[in-house]
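Protein sequence lines correspond, in order, to chains A and D.
Add 32 to the 1-based position in the first sequence for my numbering, that's all there is to it.
Add 32 to the 1-based position in the second sequence for my numbering, that's all there is to it.
Some notes on the structure that comes next.
Protein chains: 2
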Amino acid sequence: MHRLNGTNEGPCSGLRSWVRLLRLWVVLAFGAAAVAGAPAQAGGLKVSTFTLKNGLQVVVIPDHRAPVVTHMIWYRVGSADEPAGKSGLAHFLEHLMFKATKTRKSGEFSKIVARNGGRDNAFTSTDYTAYFQRIAKDRLELVMKMEADRMTNLVLSADEIAPERAVVQEERSSRVENYPSARLNEKLRAVFFMAHPYGKPVIGWPGEFKTLTLKEIRDFYERFYTPNNAIVVIAGDISEKEVRPLAEKYYGAVRVVSQTGPRLRPLEPEPDVARRLLMRDKRVTSPSMRRLYLTPSYGKAEPGEAEALDLLAQILGGDTTSRLYKRLVVERKISSGSAAWYSGGGLDLGHFGVYGTALPTSDVAAVEAEIDKVLAELVADGVTKKELEGAQRTMVAEAIYARDSQSRLARIFGSSLTTGETVRDVLEWPDRIKAVTVEQVNAVARKYLRIERSATGVLLGPEKQGAPAPKAEPAPKGEKT
Amino acid sequence: MHRLNGTNEGPCSGLRSWVRLLRLWVVLAFGAAAVAGAPAQAGGLKVSTFTLKNGLQVVVIPDHRAPVVTHMIWYRVGSADEPAGKSGLAHFLEHLMFKATKTRKSGEFSKIVARNGGRDNAFTSTDYTAYFQRIAKDRLELVMKMEADRMTNLVLSADEIAPERAVVQEERSSRVENYPSARLNEKLRAVFFMAHPYGKPVIGWPGEFKTLTLKEIRDFYERFYTPNNAIVVIAGDISEKEVRPLAEKYYGAVRVVSQTGPRLRPLEPEPDVARRLLMRDKRVTSPSMRRLYLTPSYGKAEPGEAEALDLLAQILGGDTTSRLYKRLVVERKISSGSAAWYSGGGLDLGHFGVYGTALPTSDVAAVEAEIDKVLAELVADGVTKKELEGAQRTMVAEAIYARDSQSRLARIFGSSLTTGETVRDVLEWPDRIKAVTVEQVNAVARKYLRIERSATGVLLGPEKQGAPAPKAEPAPKGEKT
Numbered sequence: 033m034h035r036l037n038g039t040n041e042g043p044c045s046g047l048r049s050w051v052r053l054l055r056l057w058v059v060l061a062f063g064a065a066a067v068a069g070a071p072a073q074a075g076g077l078k079v080s081t082f083t084l085k086n087g088l089q090v091v092v093i094p095d096h097r098a099p100v101v102t103h104m105i106w107y108r109v110g111s112a113d114e115p116a117g118k119s120g121l122a123h124f125l126e127h128l129m130f131k132a133t134k135t136r137k138s139g140e141f142s143k144i145v146a147r148n149g150g151r152d153n154a155f156t157s158t159d160y161t162a163y164f165q166r167i168a169k170d171r172l173e174l175v176m177k178m179e180a181d182r183m184t185n186l187v188l189s190a191d192e193i194a195p196e197r198a199v200v201q202e203e204r205s206s207r208v209e210n211y212p213s214a215r216l217n218e219k220l221r222a223v224f225f226m227a228h229p230y231g232k233p234v235i236g237w238p239g240e241f242k243t244l245t246l247k248e249i250r251d252f253y254e255r256f257y258t259p260n261n262a263i264v265v266i267a268g269d270i271s272e273k274e275v276r277p278l279a280e281k282y283y284g285a286v287r288v289v290s291q292t293g294p295r296l297r298p299l300e301p302e303p304d305v306a307r308r309l310l311m312r313d314k315r316v317t318s319p320s321m322r323r324l325y326l327t328p329s330y331g332k333a334e335p336g337e338a339e340a341l342d343l344l345a346q347i348l349g350g351d352t353t354s355r356l357y358k359r360l361v362v363e364r365k366i367s368s369g370s371a372a373w374y375s376g377g378g379l380d381l382g383h384f385g386v387y388g389t390a391l392p393t394s395d396v397a398a399v400e401a402e403i404d405k406v407l408a409e410l411v412a413d414g415v416t417k418k419e420l421e422g423a424q425r426t427m428v429a430e431a432i433y434a435r436d437s438q439s440r441l442a443r444i445f446g447s448s449l450t451t452g453e454t455v456r457d458v459l460e461w462p463d464r465i466k467a468v469t470v471e472q473v474n475a476v477a478r479k480y481l482r483i484e485r486s487a488t489g490v491l492l493g494p495e496k497q498g499a500p501a502p503k504a505e506p507a508p509k510g511e512k513t
Numbered sequence: 033m034h035r036l037n038g039t040n041e042g043p044c045s046g047l048r049s050w051v052r053l054l055r056l057w058v059v060l061a062f063g064a065a066a067v068a069g070a071p072a073q074a075g076g077l078k079v080s081t082f083t084l085k086n087g088l089q090v091v092v093i094p095d096h097r098a099p100v101v102t103h104m105i106w107y108r109v110g111s112a113d114e115p116a117g118k119s120g121l122a123h124f125l126e127h128l129m130f131k132a133t134k135t136r137k138s139g140e141f142s143k144i145v146a147r148n149g150g151r152d153n154a155f156t157s158t159d160y161t162a163y164f165q166r167i168a169k170d171r172l173e174l175v176m177k178m179e180a181d182r183m184t185n186l187v188l189s190a191d192e193i194a195p196e197r198a199v200v201q202e203e204r205s206s207r208v209e210n211y212p213s214a215r216l217n218e219k220l221r222a223v224f225f226m227a228h229p230y231g232k233p234v235i236g237w238p239g240e241f242k243t244l245t246l247k248e249i250r251d252f253y254e255r256f257y258t259p260n261n262a263i264v265v266i267a268g269d270i271s272e273k274e275v276r277p278l279a280e281k282y283y284g285a286v287r288v289v290s291q292t293g294p295r296l297r298p299l300e301p302e303p304d305v306a307r308r309l310l311m312r313d314k315r316v317t318s319p320s321m322r323r324l325y326l327t328p329s330y331g332k333a334e335p336g337e338a339e340a341l342d343l344l345a346q347i348l349g350g351d352t353t354s355r356l357y358k359r360l361v362v363e364r365k366i367s368s369g370s371a372a373w374y375s376g377g378g379l380d381l382g383h384f385g386v387y388g389t390a391l392p393t394s395d396v397a398a399v400e401a402e403i404d405k406v407l408a409e410l411v412a413d414g415v416t417k418k419e420l421e422g423a424q425r426t427m428v429a430e431a432i433y434a435r436d437s438q439s440r441l442a443r444i445f446g447s448s449l450t451t452g453e454t455v456r457d458v459l460e461w462p463d464r465i466k467a468v469t470v471e472q473v474n475a476v477a478r479k480y481l482r483i484e485r486s487a488t489g490v491l492l493g494p495e496k497q498g499a500p501a502p503k504a505e506p507a508p509k510g511e512k513t
């Protein structure tokens, strides 16, 4: 339970893919003409949204293939909203949301869901915290009732906190400390974001989350868990007409407990220094490198820039036909895997990433040097019209296969609506992708793929005793002056 | 006016030297037997401290060589105490403290000091904000009256803020943006401190300090400018007997306006990844490198560790007899200057730094490689008893020459008392230096001079067109695994 998602979606997380695919699927299914508040029809599906008097927004996505529903509640609060020095608070509260409320015992929430044949889970990101249940449609009322209950009736007690701290510590050990790549990525983000709280791990710095007090957790809960800060997304065998009275009965009855105000986070300074991190660990058998370039996010980008970055990532390293894969894996045979991605789902900032793993017969410096060559060629000569059209087709084609997952659909709406996008933005996304030109892709490549905007992490195995010294790292290219 | 001091004292700032020297001078002059609250005599001088009922501490250091006094007030607040996203607030408030109070017009404070033959100034650090006046002894009462007035009577208005913002912007341009080394150092600190607010520039990130509102500045002032958060240090032609009634009359009358509470800052995670930054700038004619290793500060170190780090820095790179200078400048002739320092004056954390500049005939990679060799030899073989005794003697001898500056003396007490040390700590420092053993120096070298605890900044000139590519950077040595 309690999966943890940062915004550092890399080539291994799979998160990027479904976010991108689901954007597409939504529109393909519903038609790009749909707008918020005006249900659109396509393939027998409708998407509706309405807002209760207390400010809670509801999104309904009927999907009648099976008599089940996915019910999610999204709070506009994540690790980037934590007070300074309280890293891990948003995620820790997510865990504590499964404890006692005024009417229910600790742990009862998930037990009731399971007893009714459903399953539930939750996750915390930099910008949102979400809870979901997948359950038979006739049990929707039950989960809405319970979710509305824990929005403001949670009983936070010192007795619950101590043992749950150990659970989070164990989660941290199993997800971060035991994996050299996770440890490096955590520090890479800390160095990539020099001031913005996206540089903090969602699970918290180990020394800090241990110090969180009952009062701090309660203050955070009382500030951010309020209906005007929440979005309920329901996908499944249900209509807006059925949802509305239930939403009004349960969520409409929840009192506004605070005004959360604008989400102003520390600003990231304009990046002007190339950064590198090097970590050695004896468990590493395949050395690798990963580089992040600072970009805007979908919520803050100039029109078309985020879409162009998504297409650029596809062309550069989206699959086995991409430039990086062809050059490093197929032609040069120095890498077992290489990828590029655009992570544009943050409220404030995004990044463009590249990645490469060395083979036992190559070294990571050669991999990085080749990636640098591919990047330099791309920036100098641009992408071709054929490549762009191929990427646009691929993204559309992939979307066809993404239509199966109800919960993914709920997730794409929830994550988009909590990070500065509207229902309309989600629905119109494929049209915007199709409208991107070669010039736009080349412009974002030149603008953002600059070494001084980047941080590079290099992961190596242990230094061998008596072996020759490892090859020098390639020097980052300097800014043009 | 308004000098700005961070804690990133490097070999060029001179700050390290006087801090260290003044520690020594105090004790040599007063005798190490002196303790807080019990005035000690040596060479005709006494040092006293007492605390007023409202919590304001007063330190008196008589110095009768001339009929002048140095009057300082130190507030236990600096940039590391700012709310997240409000970088530059402490320093901006320092500027605004020269504006109007309920009884005085904007700018009048400094004009009155000047009209009375004195001079005044102020500075902000990560951990403290200080204001001082040097003036004829018979005007001490005047400056105490004015300083007590602006502690709680400042009138902050929107009219004052806008033009002062431009002044700070200009200060930032002239001190940071126009100097590639300052720009690099700012980012080096941001990467060196991955979570702790010491990573923020004291002057603020440019985008952020522009957004500070009148309310935020006022809240900060009302929280931290209160007698229980202040220390007054008076050095000069004056006695405790003369100071006490004046202190009670002016500072004693200031009402406590808030309880500031413990100074809890975001924790820095244990460093486990070597970091590197590379910046090119066309104005750079002498490429250089600078590396910081995370260490404890005097206020938080295990007994003897901070002193051992100070001695280690002296042996490694304190002057022209040090290991770095002899090897790089004299023997290898590849560097025009090289140094090491220990910056231990922070409330929470310190650093050990090394630095080297290339000659036109060498390159900075060779300089760094040689520094790495010297460091590796030092860690492997340790320092000699002769070196240690020489460093101890040097630090004592230097202190003799440091006895001339009254204001420096006031500064060392103020900075020490606002960063976790006591009067006794300051007074006993030379005895602790003298007691450090070869084993203690070698232990801190092994413990802290580890590449995974460090961030290295490399500053280069522009890439030359058509010239061979710059040499690859040396790879940081990995951690032992």
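All C-beta atoms, glycine included, are put in the ideal place defined by N, C-alpha and C.
Closer than 8 angstroms, CB to CB, is residue i near chain D or not?
{"i": "A:M226", "result": "yes"}
{"i": "A:A222", "result": "yes"}
{"i": "A:P195", "result": "no"}
{"i": "A:A412", "result": "no"}
{"i": "A:A507", "result": "Low confidence applies to A:A507: its pLDDT is 42, below 50, so where it sits in the model is not reliable enough to give any reading."}
{"i": "A:K232", "result": "yes"}
Count the other CB atoms, across all protein chains shown, that sit within 10 Å of the CB of residue i; report buried if there are 16 or more and exposed otherwise.
{"i": "D:Q472", "result": "buried"}
{"i": "A:N217", "result": "buried"}
{"i": "D:K242", "result": "exposed"}
{"i": "D:R182", "result": "buried"}
{"i": "A:R425", "result": "exposed"}
{"i": "A:E339", "result": "buried"}
{"i": "D:S205", "result": "exposed"}
Measuring only between beta-carbons, confirm whether residue i sits less than 8 angstroms from chain A.
{"i": "D:M311", "result": "yes"}
{"i": "D:G117", "result": "yes"}
{"i": "D:G239", "result": "yes"}
{"i": "D:K219", "result": "yes"}
{"i": "D:D113", "result": "no"}
{"i": "D:L60", "result": "Per-residue confidence for D:L60 stands at a pLDDT of 34, beneath the threshold of 50, marking its modelled position as unreliable; no derived number is given."}
Please say whether residue j and residue i have beta carbons closer to each other than 8 angstroms?
{"i": "D:H103", "j": "D:I266", "result": "yes"}
{"i": "A:I270", "j": "A:H123", "result": "no"}
{"i": "D:S329", "j": "D:G385", "result": "no"}
{"i": "D:V406", "j": "D:G87", "result": "no"}
{"i": "D:L360", "j": "D:S370", "result": "yes"}
{"i": "D:S486", "j": "D:R323", "result": "yes"}
{"i": "D:R166", "j": "D:V100", "result": "yes"}
{"i": "D:V468", "j": "D:G336", "result": "yes"}
{"i": "A:F155", "j": "A:S142", "result": "no"}
{"i": "D:V305", "j": "A:L310", "result": "yes"}
{"i": "D:P115", "j": "A:A116", "result": "yes"}
{"i": "D:S320", "j": "D:A390", "result": "yes"}
Mind reading off the beta-carbon distance from residue i to residue j? Whole number of angstroms is fine, and I expect it under 8 angstroms.
{"i": "D:R312", "j": "D:P494", "result": "6 angstroms"}
{"i": "A:L121", "j": "A:E203", "result": "Actually they are not in contact, since the Cβ atoms of A:L121 and A:E203 sit about 15 angstroms apart, beyond 8 angstroms."}
Contact list for the segment 457–486 of chain D against chain A, Cβ threshold 9 angstroms = Cβ contacts with chain A come from I483, E484.
For the segment 268–280 of chain D, which residues have a beta carbon sitting closer than 7 angstroms to at least one beta carbon of chain C?
-> Absence of chain C from the displayed structure is noted, the protein chains being A and D.
Name, going along the chain, the residues of the segment 295–307 of chain A whose beta-carbon falls closer than 7 angstroms to a beta-carbon of chain D.
-> Residues passing the 7 angstroms Cβ filter: L296, R297, P298, L299, P301, D304, V305, A306, R307.
Residues from the segment 325–344 of chain D in contact with chain A, defined by Cβ distance under 8 angstroms | Hits within the stretch: zero.
Output, in sequence order along the chain, the residues in the segment 392–413 of chain D whose CB is closer than 7 angstroms to any CB in chain A.
-> Under the 7 angstroms Cβ criterion, the segment 392–413 of chain D contributes no residue.
What residues in the segment 241–264 of chain A have a beta carbon less than 9 angstroms from any beta carbon of chain D?
-> Along the segment 241–264 of chain A, the positions whose C-beta sits under 9 angstroms from a C-beta of chain D are T243, read in chain order.
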